[in-house]
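**Student:**
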Amino acid sequence: MKSWLWIITDVVLRMGPQLVGLVLLLRRPSDRRWWRWGLIAFGLAVLVGVAFIVLGVVLTQQWGSDSTIGASAWVSPAYTVLSVLGLVATCFGVAAVLVDRDTDEERSQLG
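Taking the numbering used here, the leading residue of the sequence shown gets 1161, the next gets one more, and so forth.
1) Please determine, among A1249, V1248, A1211, L1247, the residue with the shortest C-alpha to C-alpha distance to V1235.
2) Taking only the alpha-carbon atoms, compute the straight-line gap between I1168 and R1196 and give it to the nearest angstrom.
3) Pick from G1176, L1204, L1179: whose alpha carbon is nearest that of V1244?
4) Less than 8 Å between the CB atoms is what I'm expecting for D1253 and G1198, so what's the real figure, rounded?
5) Once the 5 residues before and after D1170 are set aside, which same chain residues still bring their CB inside 8 Å of it?
6) Give the DSSP-derived three-state secondary structure of P1189 in the structure shown.
7) Would you report the Cα separation of M1161 and T1220, rounded to the nearest angstrom?
8) Is it buried or exposed for Q1178, if we count other Cβ within 10 angstroms and need 16 for buried?
9) With a threshold of 16 other CB atoms inside 10 Å of the CB of G1176, please say whether the residue is buried or exposed.
Next up, the structure:
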């Protein structure tokens, strides 16, 4: 029971905000520059979240509660790669905000 509660909590907390952002972006396609950056950010964040959840499920199913002891040889590099990809997704999100701010400043100067 504890493992399923962890999985459900992980899905809600890790995937919820990214899925909401991705759905909101996909509902209003745009040719603006920030839209592409935001789409990359949320899409990559969703993929990283799915990978974290799958890794957690595999660890829980294979090693139970002692998952960190039995799988430390391959889990550590996997978590490192996923963490870096999560950081890259965050950078794309920041880039989307910055590009949107530049676009707003250009519009305010024109009109």
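Where is the CB? At the ideal position from N, CA and C, for every residue including glycine.
As the structure is a prediction and not an experimental result, all values here were calculated from the model.
**Tutor:** For this structure:
1) The count along the sequence shown starts at 1 and reaches residue 1235 at position 75. Nearest option by C-alpha distance: A1211.
2) As a working mapping, residue 1168 is identified with position 8 in the sequence shown. As a working mapping, residue 1196 is identified with position 36 in the sequence shown. Approximately 30 Å, taken between the alpha carbons.
3) Working through the sequence shown from its first residue, we reach residue 1244 at position 84. Nearest option by C-alpha distance: L1204.
4) Working through the sequence shown from its first residue, we reach residue 1253 at position 93. Working through the sequence shown from its first residue, we reach residue 1198 at position 38. In the sequence on display, residue 1253 carries Gly and not Asp. With a Cβ gap of about 7 Å, G1253 and G1198 count as contacting.
5) As a position in the sequence shown, residue 1170 is number 10, starting the count at 1. The residues are F1212, I1213, G1216.
6) Along the sequence shown, one-based indexing puts residue 1189 at 29. In the structure shown, P1189 sits in coil (DSSP, three-state: anything other than H, G, I, E or B).
7) As a first step, residue 1161 is located in the sequence shown; it is residue number 1 there, counting from the start. As a first step, residue 1220 is located in the sequence shown; it is residue number 60 there, counting from the start. Interpretation of M1161 is limited by its pLDDT of 43, a score under 50 that renders its predicted location unreliable; no figure is taken from the coordinates.
8) On the sequence shown, position 18 is the one that residue 1178 refers to. Counting of Cβ neighbours within 10 angstroms places Q1178 among the buried residues, the total reaching 16 or more.
9) Here residue 1176 refers to the residue found at position 16 when the sequence shown is read from its first residue. Counting other Cβ atoms within 10 Å of its Cβ, G1176 stays below 16 and is therefore classed as exposed.
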